[in-house]
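Trainee:
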Amino acid sequence: MSEAAEIRIGYEPATVEPKWRQAWKDAAIYKVADSTDKPNWMSLTMYPYPSGVLHVGHWFAFSIPDVFARAQRMRGFNVMYPMGFDAFGLPAENAAIKNNIHPARWTYENIDNMTRQFDLMGAMIDWDRKVATCDPDYYRWNQWFFLQMLEKGLAYRSGGMVWWCPNDQTVLANEQVLDGNICERCGAEVYKRDLEQWYLRITDYADELLAGLDDVDWPERVKTMQRNWIGRSEGARLNFELENGSSLGVFTTRPDTVFGATFMVIAPEHPFVDQITTEEQRDAVQQYVTTSRTKSEVERQISDETHKKSGVFTGAYAINPVNDERIPVWVADYVLMSYGTGAIMAVPSGDQRDFEFARQFDLPIIPTVQPVGGEPLDGATMTEAYTGDGIVINSGEFNGLPQSEALPKMIAWLDEQGRAKAEVSWRLRDWLISRQRYWGTPIPIVYCDTCGVVPVPENQLPVELPLDAEFTPTGQSPLVTHESFVNTTCPTCGGAARRETDTMDTFMDSSWYWFRYASPQFEDGPFDTELAKKWSPVDLYCGGIEHAILHLLYARFFTRVIRDLGLTEVSEPFARLRNQGMILSVDGRKMSKSRGAQIGPDELVARHGADALRLHLMFLGPWEQGGPWNDRGITGMERFIRRAWQVASELGTTTPGDHAGEADEAALIALMHRTIKRVSDDIDSFSFNTMVAALIEYVNELMKLKETEIVTSPVWREAVENLVLMMAPATPYVSEEMWEMLGKPFSVHQQDWPTFDPALAVDATIEIPVQINGKVRDRVTVANSATAEEQLAAARALDKITEQLEGKQVVKEISVPGRMVNFVIRG
RNA sequence: GCCCAGGUGGCGGAACGGCAGACGCGCUAGCUUGAGGGGCUAGUGCCCUUUGGGGCGUGAAGGUUCAAAUCCUUUCCUGGGCACCA
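Using the working numbering, you'd call the opening residue of the first sequence number 80 and step up by one each time.
(1) I think Ala395 touches Thr370, with their Cβ atoms under 8 Å apart; what is that distance to the nearest whole Å?
(2) Return the residue from the list Leu747, Cys213, Leu802 that minimises the CA-CA distance to Trp724.
(3) Buried or exposed: which applies to Ser483, given that a residue is buried once 16 or more other Cβ atoms fall within 10 Å of its Cβ?
(4) With DSSP run on the structure shown, which of helix, strand or coil describes Glu63?
(5) Just the C-alpha distance for Ile423 and Val559, rounded to the nearest angstrom, thanks.
(6) Mind checking whether Gly469 and Val451 have CB atoms under 7 Å apart?
(7) Grab the span of the alpha helix (DSSP H) containing Glu320 for me, first residue to last.
(8) Tell me which same chain residues have a C-beta within less than 6 Å of the C-beta of Pro427, skipping the five on either side of it?
(9) Sort out for me which residues DSSP pairs Arg514 with in a bridge.
(10) With burial defined as no fewer than 16 other Cβ atoms inside 10 Å of the residue's Cβ, what is the status of Leu257: buried or exposed?
(11) Restricting to Cα atoms, I'd like to know which of Pro701, Ser814, Trp138 is closest to Tyr126.
(12) Taking buried to mean at least 16 other C-beta atoms within 10 Å of its own C-beta, is Val895 buried or exposed?
(13) Suppose contacts are defined by Cβ-Cβ distances below 7 Å. Is Val758 in contact with Met805 by that definition?
(14) Assign Val535 to one of three DSSP states: helix, strand, or coil.
(15) Which residue spans inside the region 178–257 form an unbroken beta strand (DSSP E) run of at least 3?
(16) Helix, strand or coil for Lys887, going by three-state DSSP, please let me know.
(17) Kindly indicate which residue of Leu511, Ala148, Arg498, Trp206 has the alpha-carbon position closest to the one of Val250.
(18) Can you give the beta carbon distance from Glu549 to Pro536, rounded, assuming they're within the 8 Å contact cut?
(19) State the Cα-Cα distance for the pair Arg272 and Ser598, rounded to the nearest angstrom.
(20) Going by beta carbon distance, what residues of the same chain come within less than 8 Å of Pro481, once the five residues before and after it are set aside?
(21) Please confirm whether Ile789 and Asp743 have their CB atoms less than 7 Å apart.
(22) Would you call Ala290 buried or exposed, if buried means 16 or more other Cβ atoms sit within 10 Å of its Cβ?
(23) Look at the Cβ atom of Gln704, then the Cβ atom of Ala140, and state whether they are nearer than 7 Å.
(24) Quick check: the region 176–194 against the region 128–138, are at least 3 beta-carbon pairs closer than 8 Å?
(25) Please list the segments of the beta strand (DSSP E) lying wholly inside the region 543–620, counting only runs of 3 or more residues, in order along the chain.
(26) Using alpha carbons as the reference points, say which of Ala843, Arg635, Gly519, Ala867 lies closest to Asn221.
(27) Let me check understanding here. Comparing Cα to Cα, which of Glu172, Ala691, Glu502 lies closest to Leu546?
(28) Comparing C-alpha positions only, which one of Leu486, Arg506, Asp509, Arg508 sits nearest to Lys500?
(29) Output the boundary residues of the beta strand (DSSP E) element that contains Glu404.
(30) Might you give, ordered along the chain, the residues of its own chain that have their beta carbon closer than 8 Å to the beta carbon of Asn863, omitting 5 neighbours on each side?
(31) In terms of residues, what are the limits of the beta strand (DSSP E) holding Asp857?
(32) Could you check if Thr94 is buried or exposed, using at least 16 other CB atoms within 10 Å of its CB as the buried criterion?
(33) Can you pull the DSSP bridge partners for Gln431?
(34) Note down, one range per segment and in chain order, each alpha helix (DSSP H) of at least 4 residues found wholly within the region 679–709.
(35) Classify Asp296 as helix, strand or coil using the three-state DSSP reduction.
(36) Indicate whether Met121 and Met153 have their beta-carbon atoms separated by less than 7 Å.
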């Protein structure tokens with residue numbers, strides 16, 4: 080049998096998919112040019128950690144952006160949908176210890192397997208642009224960025240209390256600690272240790288990081304999380320003189336309540352604790368400080384019925400600058416050393432925490448704001464702090480002013496006297512980037528007994544991670560004991576020196592990786608600035624909500640640093656952000672590898688085909704929502720594909736001939752345009768589940784029509800071709816096959832997206848409901864152009880309606896053209 | 001405690017002032033000599049009814065409206081975020 084005579088018996092994904100996978104590879108249709116006559120459009124999806132295999136959650140996260148990217152390409156953009164691997168990190172080290180396999184080998188093998196699986200998915204990835212962050216060619220630029228920041232004073236080494244994860248044997252950034260004391264990575268309880276570490280000065284950009292959120296098309300909840308994390312508060316810094324002659328600075332958002340400050344509180348870690356505590360109080364204070372140190376951060380922060388506030392009087396007194404009152408200074412752990420100055424002026428009448436403390440220790444309460452029209456407040460009888468607006472009282476010359484007016488006046492007044500200055504305080508801390516781990520970017524620093532801390536010169540980069548490391552189950556980084564790595568010479572004096580053995584937080588890697596896709600082989604810098612410019616900012620960034628703060632905040636910070644180095648013009652890296660929901664395992668819990676609850680795609684692909692799996696994932700529900708995995712329903716997607724296949728395969732067997740009725744043709748045209756509109760709009764709004772529904776409905780209609788005369792009309796051919804074009808982004812394999820079946824030239828993925836005419840997308844006649852008193856009593860078919868009056872006339876003509884209106888008084892008639900008719904009757 | 005999102009058939013979900021349950025799964029019945037995880041047809045929210053039809057239904061209770069799943073108020077539940085940040 081000749082090839083031309085071969086009959087396509089039916090849809091078999093096992094033959095269709097490998098065939099086109101190879102054809103695409105041979106024709107390199109996913110190779111992305113740096114620029115073309117079309118506008119560039121960059122679709123980025125958060126690159127995965129190479130854990131070994133892609134599970135259906137990965138498919139959910141990666142195949143849907145692929146659909147969008149493919150649609151954008153058909154719509155006339157030069158689309159880049161790059162992929163890489165976030166290849167440094169702890170799991171590789173754990174695997175090394177457990178299975179005696181080197182992290183590098185483990186990682187690169189996983190990358191190979193996952194690359195294969197991405198191809199199975201049919202993703203539109205240009206692998207020539209692949210980035211793996213554990214490549215020395217990549218991470219040397221982490222080191223380069225670090226050195227630039229060091230030079231600009233944006234990187235620094237400092238001691239202080241830092242979070243330590245005993246399980247991962249490393250410090251963590253504040254952002255990586257959940258629920259007060261839980262390791263974001265492994266779930267272990269973390270605690271604080273006093274260690275010298277490397278930091279990046281992200282707080283220098285706090286203002287800009289906050290303001291920039293207004294300019295991006297991101298989900299509001301992500302912006303809110305970032306705003307909360309940055310935590311800007313406007314207020315003032317006030318100085319209180321202590322009786323011992325020193326001055327205690329505090330930050331407050333309510334300088335207007337300073338007349339009500341009846342005591343002060345300093346954090347147990349505050350440097351003043353020792354010097355101001357009187358002899359009589361020393362024992363008590365010391366004991367308190369020790370106790371609060373052993374308390375976990377979480378314990379300290381609990382405030383409810385069973386956990387009363389605690390604190391101890393230091394014996395010292397301060398002078399309230401506005402009324403010269405002598406007020407006691409307490410030490411209490413409800414004041415945090417890490418925020419503001421680590422000391423507060425306590426105004427129990429205007430702050431609930433101070434109020435509780437005052438009640439507990441019998442300290443005076445002086446109201447300074449009187450609610451308008453309420454009972455006069457009395458410090459002795461108040462039951463809670465009053466934080467609302469009102470009239471200022473007990474505040475000298477400011478008495479009688481509305482609180483909102485008094486606030487700026489009081490700041491100005493205090494400022495004049497040199498007692499206060501308006502100040503903005505931030506919750507954001509600098510980013511701790513040192514990690515006591517092996518599988519990461521070595522921090523390019525050398526310690527020399529003569530010269531001190533010496534940065535490795537740029538021309539000596541990269542500082543390569545030694546591959547001959549020894550992995551022992553102690554959890555300690557093998558770099559520490561790696562003699563030939565640690566022992567080096569000082570770049571400045573040439574004397575013996577030691578290398579920094581800490582590596583960088585892997586969030587460094589992901590803070591600029593997308594720039595690298597523009598020029599992944601570039602050797603003269605982190606990326607080719609001219610090429611990167613063509614793809615900046617990223618038009619669409621997709622990824623999980625779990626990165627709302629961590630990765631996205633660091634990436635925004637890095638982008639600004641890169642901008643200030645003159646390498647990019649953009650400040651915001653990601654113009655539009657969309658978060659997918661999480662695919663949970665069948666039992667509704669997280670798909671964890673350890674519980675064996677991961678659903679692998681390979682078997683599903685073997686059974687149903689990648690196209691059906693892609694459709695199924697789209698059809699599960701709103702992409703933003705996610706939900707528990709189930710494979711019920713995937714058969715529905717297969718049925719849909721088979722029906723589409725049948726429509727396409729029979730087209731070749733019908734010959735164009737005399738038209739069917741004009742009305743039938745018009746109806747098909749309307750259906751086609753309506754479907755193009757629905758599918759296009761649904762893609763734009765990331766509503767992939769309804770997009771699939773629209774395609775299914777379309778095919779179901781075509782299946783009915785396929786037995787009618789209309790198949791001999793040119794309109795039919797157009798309708799079927801558009802079906803295949805619309806399916807192409809969602810089901811790339813079978814669409815390519817159907818496109819070929821229609822006798823069209825390779826490749827369907829290089830075709831233009833079908834357009835629709837809104838005027839043609841409506842049927843000539845429509846059916847509208849006819850209501851009586853808001854209840855549907857009948858339906859009537861009218862011309863789509865019918866006026867309100869015409870609709871009413873048509874409705875009145877209905878037997879059933881005439882009957883029910885008989886003898887009743889019609890109080891009101893509502894007729895909305897194209898929507899409905901309602902008669903309001905009485906009696 | 002505060003903020004956000006969400007509660008709709010047996011299930012996933014659709015509609016987001018104008019026909020509730022699109023679409024899919026599942027289920028029921030029938031058809032089909034390719035006994036298969038096949039195809040096709042019809043049905044499938046609940047209750048009442050001989051048919052015609054009628055009533056009730058979107059977590060709960062009120063309200064606005066000719067008309068409410070949709071808007072407003074109160075409340076309950078679920079998920080997420082923040083939380084002694086001065």
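Just so it is clear, CB atoms sit at the ideal spot from N, CA and C, and this is done for glycine as well.
Mentor: Taking the structure as given:
(1) 20 Å between Cβ atoms; not a contact.
(2) Selected option, being the one with the closest Cα: Leu802.
(3) That one is exposed.
(4) Nothing about residue 63 can be reported from this structure: the residues present for the chain run from 80 to 906 only.
(5) A direct Cα-Cα distance of roughly 42 Å separates Ile423 from Val559.
(6) Cβ atoms of Gly469 and Val451: closer than 7 Å.
(7) Not the alpha helix (DSSP H): Glu320 falls in the beta strand (DSSP E), residues 311–321.
(8) If we look at Pro427 and ignore the five residues flanking it on each side, its Cβ neighbours are Asp433, Phe434, Ala437, Ile444.
(9) According to DSSP, which records beta bridges pairwise, Arg514 is partnered with Thr582.
(10) Flag for Leu257 reads exposed.
(11) Distances from the alpha-carbon of Tyr126 to those of Pro701, Ser814, Trp138 put Trp138 closest.
(12) Burial check for Val895: the Cβ neighbour count within 10 Å stays below 16, so the residue is exposed.
(13) Judged by their CB atoms, Val758 and Met805 are nearer to each other than the 7 Å cut-off.
(14) Note: Val535 maps to coil in three-state DSSP.
(15) The DSSP assignment places 234–237, 240–244, 249–251 as complete runs of the beta strand (DSSP E) inside the region 178–257, in order along the chain (cut-off: 3 residues).
(16) Looking at Lys887 - three-state DSSP - the assignment turns out to be coil, as it is neither helix nor strand.
(17) When Leu511, Ala148, Arg498, Trp206 are compared, the shortest CA-CA separation from Val250 is found for Leu511.
(18) At roughly 29 Å, the Cβ-Cβ gap does not stay under 8 Å, so Glu549 and Pro536 are not in contact.
(19) Arg272 and Ser598 have their C-alpha atoms spaced approximately 41 Å apart.
(20) Same-chain partners within the cutoff: Asp468, Gly469, Ile470, Val471.
(21) Their beta carbons are under 7 Å apart, which means Ile789 touches Asp743 by this criterion.
(22) Flag for Ala290 reads exposed.
(23) The answer is no: Cβ separation not under 7 Å.
(24) With the cut-off at 8 Å, the region 128–138 and the region 176–194 touch.
(25) The qualifying runs are 566–568, 575–578.
(26) Checking every option, the nearest Cα to that of Asn221 belongs to Gly519.
(27) From the listed residues Glu172, Ala691, Glu502, the smallest Cα separation to Leu546 is found for Glu172.
(28) Looking only at Leu486, Arg506, Asp509, Arg508, the smallest Cα-Cα distance to Lys500 is reached by Leu486.
(29) Glu404 -> no beta strand (DSSP E), and no H or E assigned at all.
(30) Cβ contact annotation for Asn863 (same chain, cutoff 8 Å, sequence separation greater than five): Val841, Asp842, Ala843, Thr844, Ile845, Gly897, in chain order.
(31) Looking at the DSSP string, the run of the beta strand (DSSP E) that includes Asp857 is 854–862.
(32) By the 10 Å Cβ count, Thr94 comes out exposed.
(33) The partner list for Gln431 (beta bridge, DSSP) is empty, contrary to what the question assumes.
(34) 680–687, 689–698, all fully within the region 679–709.
(35) Asp296: strand per DSSP, three-state reduction.
(36) For the 7 Å CB-CB criterion, Met121 and Met153 do not form a contact.
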